[in-house]
Amino acid sequence: MSLETYVKKRDFKQTSEPKGGKSDNKTLSFVIQRHHASRLHYDFRLELDGTLKSWAVPKGPSLNPNDKRLAMMVEDHPIDYQHFEGIIPNGNYGAGVVIIWDKGTYTSLAEDRKDDIKQLRAGLKSGNLKFRLDGDILQGEFALVKIKNPKDDNAWLLIKHRDEYAVDDFDSEDLVPDAVKKLKNNKEGKAKALPKQHKVKEFEHTEGADENEAEQRFTAYTGKEVMLVDGDKNDVSKTYKKLIAELKVIKREAVFEGEIIKEGRTNKFKITDLISLDEHDLSSLEPKKRSKLLAAFVQQLESELIVLSND
Ligand code: MN
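What follows is the structure in structure tokens.
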């Protein structure tokens, strides 16, 4: 848990990489940096016990459960490294181009957040570390599993678990702007600074990957408690975070019926009926009047995800 190795490898008069930093002790953060040094790789870092546990992933992380990515464990990095991006000058350790590819918070798979640290420590020690990421790109369950290989004690595999965030076609490089890909600080080039446009592209998550759900009827509740419930009366709000965010715009107490349709990577809630409004049951209202009321309501929303069904 010491930063000794990290500090030893670097000359802080030359590199702008951070020396230390303190955890906020509220949530555990994670960061993935794309690091184009002598070889391109991604650095996967998880905050634990006041430091960033670090793995170098040559092929980059993936949301495809079939991609088992080699992850070489490297020395602990200081907490402030999670904010670092820039050029590590030539002649220095890791000389190259670093951008933040993804960041966010993470937890263990324990039900109670109080158990996170204990579980994560145990996973790290046993070589089977399971966790849930909440990043801009990477979400859901992952595992880092140590390869039992007496020759190389640092080799792990980074694996995405099959869940609603899994994607079968994924390439981390697709999200990297061309301006960054061109930039090199090695034999092939001498980059001085990051280009203005160095932020990775937005990744649109496919929510609710279960195809069958498109056939189901869903009920949406708005107002004080915003909720999406499927035909089996299961609360599926967590699966459709984007739709929930849009539904929160509706301040009035209402109950809608509709279906969730996947269009490309996007889920849309197509409303077929307005069941109640401001706690008034509308079922006795003439269907024509009801659909007029509903149309006006949905139009006001100006949402691209909450739309009126054409049927
Ligand atoms: Mn690196």
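Counting in this note's numbering, the sequence shown runs from 257 upward without gaps.
We put the beta carbon where it would ideally sit given N, CA and C, even for glycine.
Bridge-paired residues (DSSP) for residue i
i           : result
residue 412 : 327 and 402
residue 357 : Answer by DSSP bridge pairing: none, since residue 357 is not bridged.
residue 527 : 514 and 564
residue 445 : 442
residue 289 : 299 and 356
residue 475 : 485 and 513
residue 308 : 303 and 333
Best match in the options for proximity to residue i [C-alpha to C-alpha]
i           : options               : result
residue 369 : 264, 483, 562 and 281 : 281
residue 332 : 277, 529 and 342      : 277
residue 506 : 515, 433 and 476      : 476
residue 305 : 279, 563 and 360      : 279
residue 559 : 510, 533, 528 and 524 : 524
residue 449 : 355, 381, 484 and 424 : 355
residue 295 : 353, 307 and 518      : 353
residue 396 : 415, 378 and 329      : 415
residue 516 : 545, 309 and 474      : 474
residue 431 : 260, 316, 300 and 561 : 316
residue 302 : 345, 320 and 329      : 329
residue 563 : 545, 528 and 422      : 528
residue 348 : 337, 293 and 388      : 293
residue 258 : 555, 288, 297 and 308 : 308
residue 364 : 375, 358 and 357      : 375
residue 511 : 444, 554 and 420      : 554
residue 275 : 336, 437 and 360      : 336
residue 421 : 389, 519 and 491      : 389
residue 285 : 350, 359 and 260      : 359
residue 297 : 319, 350 and 391      : 350
residue 461 : 519, 289 and 443      : 519
residue 566 : 526, 532 and 538      : 526
Residue i burial status per 10 Å Cβ neighbour count (16 or more: buried)
i           : result
residue 469 : Here residue 469 scores only 47 on pLDDT, less than 50, and its place in the model should not be relied on; the value that follows carries that caveat. Residue 469 is buried by the Cβ-count criterion.
residue 551 : exposed
residue 291 : buried
residue 334 : buried
residue 310 : buried
residue 441 : buried
residue 406 : exposed
residue 272 : exposed
residue 536 : exposed
residue 299 : buried
residue 339 : exposed
residue 318 : buried
residue 242 : In the structure as shown, the chain starts at 257 and stops at 567, and residue 242 therefore has no counterpart that could be examined.
residue 391 : buried
residue 453 : exposed
Whole-number beta carbon distance between residue j and residue i, since they are thought to touch under 8 Å
i           : j           : result
residue 503 : residue 478 : 5 Å
residue 393 : residue 459 : 5 Å
residue 357 : residue 456 : 5 Å
Residue i at chain C interface by Cβ criterion, 8 Å
i           : result
residue 308 : Within the model displayed, chain C is absent; a lone protein chain is all it includes.
Notebook entry, point to check: Three or more beta-carbon pairs under 8 Å between the region 263-274 and the region 319-327, yes or no?
Noted result: Using a Cβ-Cβ distance cut-off of 8 Å, the region 263-274 and the region 319-327 are not in contact, since fewer than three pairs of beta carbons, one from each stretch, lie closer than that value.
Notebook entry, point to check: Using 8 Å as the Cβ pair cut-off and three pairs as the minimum, do the region 396-406 and the region 376-385 touch?
Noted result: Contact holds: three or more Cβ-Cβ distances are below 8 Å.
Note to self: Below 8 Å, how does it come out for the region 443-459 and the region 343-353: are there three or more Cβ pairs, yes or no?
What the structure shows: Short answer: they touch.
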